[in-house]
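Note that the working numbering has the sequence shown beginning at 5, numbered continuously upward.
The beta carbon of each residue, even a glycine, is placed where N, CA and C say it ideally should be.
Quick caveat, the model's predicted, so the values are computed rather than measured.
Everything below concerns the one structure shown next.
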Amino acid sequence: MDAPAVWARGHLPDGDGRTVALDVNGLALDCVVPADDGPPDGATSFGLLAASLSSCTAMSVRTFLHRWHVPGCAVTVEVSFEAGPPPVLHREVRLAVDLDPDARRQLATVVDSTPVTVLLRDALVIVTHLDVGAPA
5 MDAPAVWARG
15 HLPDGDGRTV
25 ALDVNGLALD
35 CVVPADDGPP
45 DGATSFGLLA
55 ASLSSCTAMS
65 VRTFLHRWHV
75 PGCAVTVEVS
85 FEAGPPPVLH
95 REVRLAVDLD
105 PDARRQLATV
115 VDSTPVTVLL
125 RDALVIVTHL
135 DVGAPA
């Protein structure tokens with residue numbers, strides 16, 4: 005059997021440490037388990053979940069822009085996590101480009117059907133805001 009194309013391995017040593025050493029497709033990074041309600045000292049499990057949604061959305065939007073032959077523009081996606089119940093991911097997609105109403109509708113459909121969105125939407129609420137338009 006072939007090796008999986010996508011994989012992750014986490015290691016938490018014995019003891020009371022709160023940092024999981026991760027290996028994600030060969031990329032080493034740490035994931036902290038917050039000790040209290042204060043701000044974490046690094047990436048957390050929910051932060052990595054938000055990063056997955058953010059990066060998947062950005063790439064899907066870029067693919068959409070290429071297919072619609074929209075001239076180059078940066079794509080910014082910010083995702084924040086709000087503990088529930090129910091848990092909510094707030095996603096803001098920003099593009100500094102003008103799109104006609106039909107293209108905006110198509111973009112909204114693309115954003116709501118990204119692979120990570122589809123995987124997550126039955127488990128938590130995803131609230132999306134599209135901020136599309138050339139700066140004034």
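- Pairing Gly88 with Val115, the inter-Cα distance amounts to about 23 Å.
- Relative to Ser117, the option among Thr67, Arg22, Val10 whose CA is nearest is Thr67.
- The beta carbon of Ala7 is closer than 6 Å to none in its chain, skipping five residues each way along the sequence.
- As DSSP reads the structure, Val24 sits in a beta bridge with Cys35.
- Secondary structure at Val10: coil, using DSSP grouped into helix, strand and coil.
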